[in-house]
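Protein sequence lines, in the order shown, are assigned to chains A and B.
Whatever position you read off the first sequence (first residue = 1), add 436 for our numbering.
Whatever position you read off the second sequence (first residue = 1), add 436 for our numbering.
What follows is a short report on a single structure.
There are 2 protein chains.
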Amino acid sequence: MLQASSQALRLSDADLPRSAAGHLVIIGGNEDKVHDKLVLRRFVELTARREPKIVVLTAASNYHEEISAVYDRAFGDLGVTQRKALAIHSREDANHPAVVEDILSADGIFMTGGDQRRLLALIGGTAAYTAMHRAFIERGSCVAGTSAGASAMSAHMIAEGQGDIHPEKGVVSFAVGLGFLQRAVVDQHFSERRRLGRLMAVVAQNPSLLGIGIDEDTALVVERGSGFEVIGDGAVTLVDGRQMSSNFLDIGERELIELINVRLHLLPAGASYVHRAGTCSDAQGGREINPTLHEIVDILSSNETVS
Amino acid sequence: MLQASSQALRLSDADLPRSAAGHLVIIGGNEDKVHDKLVLRRFVELTARREPKIVVLTAASNYHEEISAVYDRAFGDLGVTQRKALAIHSREDANHPAVVEDILSADGIFMTGGDQRRLLALIGGTAAYTAMHRAFIERGSCVAGTSAGASAMSAHMIAEGQGDIHPEKGVVSFAVGLGFLQRAVVDQHFSERRRLGRLMAVVAQNPSLLGIGIDEDTALVVERGSGFEVIGDGAVTLVDGRQMSSNFLDIGERELIELINVRLHLLPAGASYVHRAGTCSDAQGGREINPTLHEIVDILSSNETVS
Chain A
437 MLQASSQALR LSDADLPRSA AGHLVIIGGN EDKVHDKLVL RRFVELTARR
487 EPKIVVLTAA SNYHEEISAV YDRAFGDLGV TQRKALAIHS REDANHPAVV
537 EDILSADGIF MTGGDQRRLL ALIGGTAAYT AMHRAFIERG SCVAGTSAGA
587 SAMSAHMIAE GQGDIHPEKG VVSFAVGLGF LQRAVVDQHF SERRRLGRLM
637 AVVAQNPSLL GIGIDEDTAL VVERGSGFEV IGDGAVTLVD GRQMSSNFLD
687 IGERELIELI NVRLHLLPAG ASYVHRAGTC SDAQGGREIN PTLHEIVDIL
737 SSNETVS
Chain B
437 MLQASSQALR LSDADLPRSA AGHLVIIGGN EDKVHDKLVL RRFVELTARR
487 EPKIVVLTAA SNYHEEISAV YDRAFGDLGV TQRKALAIHS REDANHPAVV
537 EDILSADGIF MTGGDQRRLL ALIGGTAAYT AMHRAFIERG SCVAGTSAGA
587 SAMSAHMIAE GQGDIHPEKG VVSFAVGLGF LQRAVVDQHF SERRRLGRLM
637 AVVAQNPSLL GIGIDEDTAL VVERGSGFEV IGDGAVTLVD GRQMSSNFLD
687 IGERELIELI NVRLHLLPAG ASYVHRAGTC SDAQGGREIN PTLHEIVDIL
737 SSNETVS
């Protein structure tokens with residue numbers, strides 16, 4: 437499907453340099469937009485262009501004008517001159533050739549917060565959606581999303597769900613996401629909204645998915661085929677349920693779930709892991725990392741994209 | 437030491453029936469004292485006596501009169517006729533023969549909340565302390581503690597420490613506890629006060645200790661040599677860092693700790709695991725439990741007491 441649509445766009449090879457590896461910048465919401473702008477600054481740097489073109493997708497939100505103004509100022513402050521907020525209010529907008537051109541030619545694509553269901557309802561399966569994947573895979577563009585835009589990154593997306601202290605059965609509903617991460621599910625505002633229980637409930641129901649909880653003003657930065665790092669102010673929590681056992685099938689709705697042997701990784705900003713020649717190491721110190729993280733590096737950086 | 441002190445107490449064998457296995461009732465604080473009294477009721481049942489004698493130790497608190505009145509009413513409501521609150525305001529009180537006699541003859545010993553450091557400062561190493569261990573080991577008495585009384589249960593005790601969202605280095609200080617659990621450390625008011633970060637910080641610094649986080653109105657009930665169960669309203673969270681790696685030694689004070697491969701078990705009320713003939717099973721359903729829990733059952737129920 438991706439292949440077919442991309443042919444229809446009739447871009448020349450010159451427009452699509454294939455060398456660069458794309459980055460995902462998955463932000464837990466509430467990133468600083470006024471002061472140090474640590475996370476937004478890194479996003480701009482990861483476009484790896486002296487004069488990057490950045491497009492902002494506000495489709496998750498009902499407030500295009502207000503939100504695009506905030507990011508226009510933030511990216512302007514960061515020295516980005518080519519910046520454009522795309523107003524996508526309908527699926528027709530998301531299939532419009534001008535929108536597609538803007539996405540395909542962008543070095544950085546930034547999805548704002550709002551409601552991830554709205555975002556997917558507007559762009560899921562459209563030409564804009566295909567263009568985002570092409571830009572990421574073929575041009576090595578940097579794709580970022582904050583809050584709802586972060587949740588939308590994974591193929592299986594948390595649509596909504598009460599975040600209680602403990603994991604309860606049946607409190608989280610899923611929807612189809614953008615598919616930049618195939619074997620993981622993203623949750624945001626993670627520590628601030630006490631969402632470990634909710635994320636463990638997701639993993640209890642779907643032990644094959646790696647749960648990723650991202651704090652506010654914090655981002656998980658994935659380099660395609662290489663590794664990942666954590667930047668910003670907080671931490672990223674990974675919940676790995678592949679060796680877990682639970683009583684999920686035996687209990688009723690809203691009951692607390694018994695979870696045994698959940699593997700949890702807490703990665704503060706500064707943590708960085710890269711894949712090199714069959715082994716993994718800490719990107720800063722070069723020290724060998726815990727073998728359990730090898731698979732995690734694979735899960736996050738392989739980016740089997742939609743097929 | 438325990439042996440020597442116990443001889444000095446000159447109790448006859450008849451006073452110390454050795455058949456019963458002692459129970460620990462480790463309560464996360466704020467247990468219901470007025471309505472269903474689920475946790476306190478179980479404590480009374482676990483004395484396994486038709487007419488149990490229950491003593492209440494308020495030594496953790498500055499408010500002996502107020503607190504003992506609350507528990508006197510609660511245990512009275514539960515049909516306990518032989519109940520006594522022990523006023524221990526000094527180490528002399530804790531070495532007083534009458535206090536020792538009351539503890540040694542009690543079927544249930546209940547430690548209230550307050551400050552665990554105060555509790556240990558008053559009774560640590562005293563004759564009252566020795567009597568508690570003798571009653572537990574030799575008579576099979578039931579020993580309960582709530583809040584500070586729960587923290588005091590373990591040999592290594594959390595003295596104080598800020599409970600932030602994430603584990604930070606150097607925020608938790610330790611003290612010597614009562615030693616009813618040798619290879620674990622207890623934290624209470626666990627979910628309500630968001631203490632997972634603090635407990636992970638403890639485990640990061642001491643990976644050989646099993647972290648036990650107990651919610652309010654919830655108890656971990658350990659049967660010596662047999663197994664454990666969770667009762668009440670919430671859950672018990674176990675943090676096992678024995679296969680963990682962390683950057684604890686490389687970072688400064690108050691920095692977030694990177695933790696990789698923490699094994700986490702979440703056990704809601706109703707969970708119950710018993711040790712039988714070399715295997716472990718779920719006490720209700722009889723189903724085999726995850727092998728990771730076998731060791732946990734050993735750690736909790738072996739109760740190598742102070743030597």
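For glycine and all other residues, C-beta sits at the position ideal for the given N, C-alpha and C.
Of all the CB atoms in chain A, is at least one closer than 8 Å to the CB of P643/B? Here the question's residue 643/B lines up with position 207 in the second sequence. Not flagged as an interface residue toward chain A: P643/B, since no C-beta distance is shorter than 8 Å.
Whole-angstrom distance between A563/A and Y507/A, CA atom to CA atom: Within the first sequence, the letter at position 71 stands for residue 507/A. Within the first sequence, the letter at position 127 stands for residue 563/A. Computed Cα separation, rounded: 24 Å.
Taking only three categories from DSSP, how would you classify H730/B? By 1-based counting over the second sequence, the position of residue 730/B is 294. Helix.
Would you report the Cα separation of D784/A and S526/A, rounded to the nearest angstrom? Coverage of chain A is limited to positions 437 through 743, which leaves residue 784/A absent and any answer about it impossible.
Can you round the beta-carbon distance between R699/B and S644/B to whole angstroms, since I take them to be within the 8 Å contact cut? Reading the second sequence from its first residue, position 263 is the one you call residue 699/B. Reading the second sequence from its first residue, position 208 is the one you call residue 644/B. Your pair R699/B and S644/B does not check out as a contact, with CB atoms roughly 14 Å apart and the cut at 8 Å.
Quick one: which residues of the region 584-611 of chain B get their C-beta closer than 9 Å to a C-beta of chain A? List them in chain order. For the region 584-611 of chain B, which is checked against every Cβ of chain A, the residues closer than 9 Å are I601, H602 and P603.
At a Cβ threshold of 8 Å, is T483/A touching chain B? For the purposes of this step, residue 483/A is identified with residue 47 of the first sequence, where counting begins at 1. Chain B contact via Cβ: absent.
Would you call S609/A buried or exposed, if buried means 16 or more other Cβ atoms sit within 10 Å of its Cβ? As a working mapping, residue 609/A is identified with position 173 in the first sequence. With fewer than 16 other Cβ atoms within 10 Å, it is exposed.
Can you say whether Y565/A is buried or exposed, counting buried as having 16 or more other CB atoms within 10 angstroms of its CB? Position 129 of the first sequence, counting from 1, holds the residue named residue 565/A. Taking a 10 Å sphere around the C-beta of Y565/A, we find 16 or more other C-beta atoms and assign the residue as buried.
Count the other CB atoms, across all protein chains shown, that sit within 10 Å of the CB of P603/B; report buried if there are 16 or more and exposed otherwise. Sequence index remark: in the second sequence, residue 603/B carries index 167 (1-based). The residue is buried, with at least 16 neighbouring Cβ atoms inside 10 Å.
Run the CB neighbour count on S737/A, radius 10 Å, all protein chains shown included, and call it buried at 16 or more, exposed below. To locate residue 737/A, count along the first sequence from 1; it is residue 301. Only buried fits S737/A, as 16 or more other CB atoms lie within 10 angstroms of its CB.
In whole angstroms, what separates the C-alpha of F430/A from that of M593/A? Limits of chain A in this structure are 437 at one end and 743 at the other, which puts residue 430/A out of reach.
Helix, strand or coil: which one does DSSP assign to Q624/B? Here residue 624/B corresponds to residue number 188 of the second sequence, with the count starting at 1. Of the three classes helix, strand and coil, the one that applies to Q624/B here is coil, per DSSP.
Quick one: list the residues of chain A neighbouring H701/B, beta-carbon separation under 8 Å, in chain order. Position 265 of the second sequence holds residue 701/B. L695, I696, N697 and V698, listed in chain order.
Could you tell me the alpha carbon to alpha carbon distance between L635/B and D651/B, rounded to whole angstroms? Locating residue 635/B in the second sequence gives position 199, counting from the first residue. Locating residue 651/B in the second sequence gives position 215, counting from the first residue. Taking C-alpha positions only, L635/B is separated from D651/B by approximately 13 Å.
Find the residues of chain A that neighbour P533/B, judging by a C-beta separation of less than 8 Å, and give them in chain order. Here residue 533/B refers to the residue found at position 97 of the second sequence. For P533/B, no chain A residue has a C-beta closer than 8 Å to its own C-beta; the minimum C-beta separation is roughly 46 Å.
How far does the beta strand (DSSP E) with D676/A in it reach, from first residue to last? Position 240 of the first sequence, counted from the first residue, corresponds to residue 676/A. Start and end: A671 to D676.
Tell me the DSSP secondary structure of T654/A in three-state form. Counted from its first residue, the first sequence places residue 654/A at position 218. Residue state, collapsed to three classes: strand.
Alpha carbons only, please: which of E689/A, A637/A and V579/A is nearest the one belonging to G615/A? The count along the first sequence starts at 1 and reaches residue 615/A at position 179. Ranked by Cα distance from G615/A, the first of E689/A, A637/A and V579/A is V579/A.
Does the Cβ-Cβ distance between E487/B and T517/B come in under 8 Å? Translated into the one-based positions of the second sequence, residue 487/B becomes position 51. Translated into the one-based positions of the second sequence, residue 517/B becomes position 81. Yes, Cβ-Cβ distance for E487/B and T517/B is below 8 Å.
Interface flag, T728/B vs chain A, CB-CB below 8 Å: Translated into the one-based positions of the second sequence, residue 728/B becomes position 292. Against chain A, the CB of T728/B has a partner CB under 8 Å away; the residue lies at that interface.
So, under 8 Å CB-CB, E694/A and N683/A are touching, yes? Tell me the CB distance rounded to an integer number of Å. Translated into the one-based positions of the first sequence, residue 694/A becomes position 258. Translated into the one-based positions of the first sequence, residue 683/A becomes position 247. About 4 Å separates the Cβ atoms of E694/A and N683/A, confirming a contact at the 8 Å cut-off.
Mind listing the chain B neighbours of A671/A? Cutoff is C-beta to C-beta under 7 Å, in chain order. Counting from 1 along the first sequence, the entry for residue 671/A is found at position 235. Ordered by position in chain B, the residues that pass the 7 Å Cβ test against A671/A are H602 and L692.
Rounding to the nearest angstrom, what Cα-Cα distance links A530/A and V638/A in this structure? For the purposes of this step, residue 530/A is taken as residue 94 along the first sequence, with counting starting at 1. For the purposes of this step, residue 638/A is taken as residue 202 along the first sequence, with counting starting at 1. The alpha-carbon of A530/A is positioned some 30 Å away from that of V638/A.
DSSP state of Y499/B, grouped into three classes? Numbered from 1 along the second sequence, position 63 holds the residue referred to as residue 499/B. Three-state result, Y499/B: coil.
Show which residues of chain B have a CB atom less than 7 Å away from the CB atom of R629/A. Position 193 of the first sequence holds residue 629/A. Ordered by position in chain B, no residue passes the 7 Å Cβ test against R629/A, which lies about 11 Å from the chain.
Looking only at C-alpha atoms, which of Y499/A, E467/A, A595/A and T582/A sits nearest to A557/A? Residue mapping note: residue 557/A aligns to position 121 of the first sequence, counting from 1. Nearest C-alpha to A557/A: A595/A.
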